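Student: Provided herewith is a single structure, encoded as structure tokens, for subsequent inquiry.
In my numbering, the protein residues as written are 676 to 806.
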């Protein structure tokens, strides 16, 4: 398929945008406001140059870079300590793994006794042979 001139310019712009994103992330700007201003300028220049929005993967990388303090916060009690907390992917997976299903709560009484419907034990072949 033969690329038109516009499509080839768009491909070059997207490749240079990806390189610029990599450079911005590698610079490690400590202040969030400066990171936001730099990223906003980069996105605005890309949109004014191409008329399109940047690739969603690159926007995801930039948003993770803006929120790097929250995403890298290892505090176990992040939900209780922060006013508007959110969890990274690994923290959400860990929280999900630690949660208990409602089935255990339904079958256990307030006195701690198990009120599950009793089931018979299956007898082994040896037990069945010697009845």
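Even glycine gets a Cβ: it sits at the ideal position worked out from N, Cα and C. From a predicted model like this one, the values you see are computed outputs, not experimental measurements.
#1: Between the region 721 to 728 and the region 755 to 768, do at least 3 Cβ pairs fall closer than 8 Å?
#2: Would you check if there are 3 or more beta carbon pairs closer than 8 Å linking the region 707 to 720 to the region 747 to 759?
#3: Going by C-alpha to C-alpha distance, which of 741, 763, 692 sits closest to residue 748?
#4: Name the DSSP bridge partner or partners of residue 783?
#5: Tell me the residue span of the alpha helix (DSSP H) that contains residue 764.
#6: Exposed or buried, which one is residue 808 when buried takes at least 16 other CB atoms within 10 Å?
Tutor: Considering the structure as presented:
#1: no
#2: no
#3: To locate residue 748, count along the chain shown from 1; it is residue 73. Checking every option, the nearest Cα to that of residue 748 belongs to 763.
#4: Taking the first residue of the chain shown as position 1, residue 783 is located at position 108. Per DSSP, 789.
#5: The sequence position of residue 764 within the chain shown is 89, counting from 1. It spans 764 to 773 - the alpha helix (DSSP H) in which residue 764 sits, taken as one unbroken run.
#6: In the structure as shown, the chain begins at 676 and stops at 806. Residue 808 is therefore absent and cannot be evaluated.
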